[in-house]
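Quick note: to get this note's numbering, add 11 to the position in the sequence shown (first position is 1). Structure record follows, encoded as structure tokens.
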Amino acid sequence: MAISVIGLVVEKFDRKILDDISLELNSNRTIGLVGPSGSGKTTLIRALVGSQRIKSGKVKIFGLEPGSEKLRSRIGYMAQKSALYSDLTVRENLDYFAAIFGASKRRVGEILDLLHLGEHNKKIAGSLSGGETSRLSLGIALLGDPDLFFLDEPTVGLDPILRAELWKVFRNLKEIGKTLVITSHLMDEAERCDDIILMRNGKVIFHGSLESLRIRTNCSEVEEAFIKLASGGI
Numbered sequence: 012m013a014i015s016v017i018g019l020v021v022e023k024f025d026r027k028i029l030d031d032i033s034l035e036l037n038s039n040r041t042i043g044l045v046g047p048s049g050s051g052k053t054t055l056i057r058a059l060v061g062s063q064r065i066k067s068g069k070v071k072i073f074g075l076e077p078g079s080e081k082l083r084s085r086i087g088y089m090a091q092k093s094a095l096y097s098d099l100t101v102r103e104n105l106d107y108f109a110a111i112f113g114a115s116k117r118r119v120g121e122i123l124d125l126l127h128l129g130e131h132n133k134k135i136a137g138s139l140s141g142g143e144t145s146r147l148s149l150g151i152a153l154l155g156d157p158d159l160f161f162l163d164e165p166t167v168g169l170d171p172i173l174r175a176e177l178w179k180v181f182r183n184l185k186e187i188g189k190t191l192v193i194t195s196h197l198m199d200e201a202e203r204c205d206d207i208i209l210m211r212n213g214k215v216i217f218h219g220s221l222e223s224l225r226i227r228t229n230c231s232e233v234e235e236a237f238i239k240l241a242s243g244g245i
């Protein structure tokens, strides 16, 4: 079991941001955490990586407390808000984080090629477009060799071609035994995942496979199924 969540509650200003979330997620899966803005996706990711204060409930990652020292080398995290150094170049950012993670220069070169960042090698990070910034942030998450990736809206701002290429990267990671939790507000991205978690207003309204979602809702499209579930049509 990669992730176990039991009765997770997060409150801000007496308002429930996450409302009694319980999940069990297996290893070697691509897990889509999908829902509109404000549904609680980012807060859940933050709770899973140990950067979110929780009111109640339990969270375990590979049987350990989120944020614990033993987990650090096993987790790759791409936050929605960039953690890049805006005054450093693309290469300098990668070299800096590679030194922290103990990644080789060869690995840095592989990531530059993988994410098509080579041509931006000497570009200052603060001058990158939204899509380029997303790719660089993803590259940093890929630097080490983590077992579990938390990727918060990794494809936001990317054109369809780059989105498709990133999903190839995600599939390749899964094929070599990695586990990925990927948030998105784009319903069609759920169709690329092994498991789907649909969220609305801080609650999980569905967790299962695409096939089971279609059977339960009698809908072929994820967006149609989401609307049906969210409106209480089932």
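Even glycine gets a Cβ: it sits at the ideal position worked out from N, Cα and C.
Asked	Found
Leu147 and Asn183 closer than 8 Å at C-beta	no
C-alpha distance - Leu123 paired with Glu176, whole-angstrom precision	14 Å
Supposed contact pair Leu221 and Ile208 - C-beta distance, whole angstroms, cut 8 Å	Not really, about 12 Å apart at Cβ, beyond 8 Å.
Through-space distance from Val21 to Lys179, alpha-carbon basis	34 Å
Nonlocal neighbours in the same chain, by C-beta distance under 6 Å from Gly129, ignoring five residues either side	Leu123
Pick from Gly49, Leu29, Glu164 that is closest to Arg64, judged by C-alpha positions	Leu29
Through-space distance from Ser115 to Phe217, alpha-carbon basis	41 Å
Of the listed residues Gly213, Ala94, Ile245, nearest to Thr228 (C-alpha basis)	Ile245
Straight-line gap, His131 to Leu149 (C-alpha atoms, nearest Å)	15 Å
Lys69 - partner residues in DSSP beta bridges	Ile17
Contact between the segment 64-78 and the segment 225-240 (3+ Cβ pairs under 8 Å)	no
C-alpha distance - Asp31 paired with Thr54, whole-angstrom precision	13 Å
Gly219 (DSSP reduced to helix, strand or coil)	strand
Pair within 8 Å by beta-carbon distance, Gly87 and Pro165	no
Unbroken alpha helix (DSSP H) run spanning Ser145, endpoints	141-153
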